[in-house]
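Just so we're aligned: the sequence shown equals residues 1 to 80 in full-length UniProt numbering.
Each residue gets a CB set at the ideal place from its N, CA and C atoms; glycine is no exception.
Predicted model, so just to flag it, every value in this text is computed and none were measured.
To start, the structure under review is shown below, and the notes come after it.
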Amino acid sequence: PQDVLTFPQAKQIRVARIVAVGTRRGPAPEAQALYEDLTEPQTKPQKQDNFPPAPRFEGKGRPTKRDRRKLDLKRFGTLE
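See the structure below:
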């Protein structure tokens, strides 16, 4: 009790103070009463993904193996 934990969760660093130790497995509200969240609230929501948009396939239907290789070369530079 009263220990402070710092751990990564997704792309955020969380800080929590343990208030009490649970004696059994229970519902979420009961579990949330066992710790105090000390994480600072974020001022603005961060964009979830920083990936460039996927390249569009110019053609009809499913790309062939050759077309997929060309797309991979554009995306990654080399095939490995």
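- The beta carbons of Leu-5 and Ala-20 sit about 14 angstroms from each other, so the pair does not count as a contact at 8 angstroms.
- Using a Cβ distance threshold of 8 angstroms, Pro-1 and Ile-13 do not count as a contacting pair.
- Leu-5: member of the beta strand (DSSP E) spanning 4-9, first to last residue.
- Here Ala-16 is bridged, per DSSP, to Leu-5, Asp-37.
- Separation of Arg-56 and Gly-26 (C-alpha to C-alpha, rounded to the nearest whole angstrom) is 48 angstroms.
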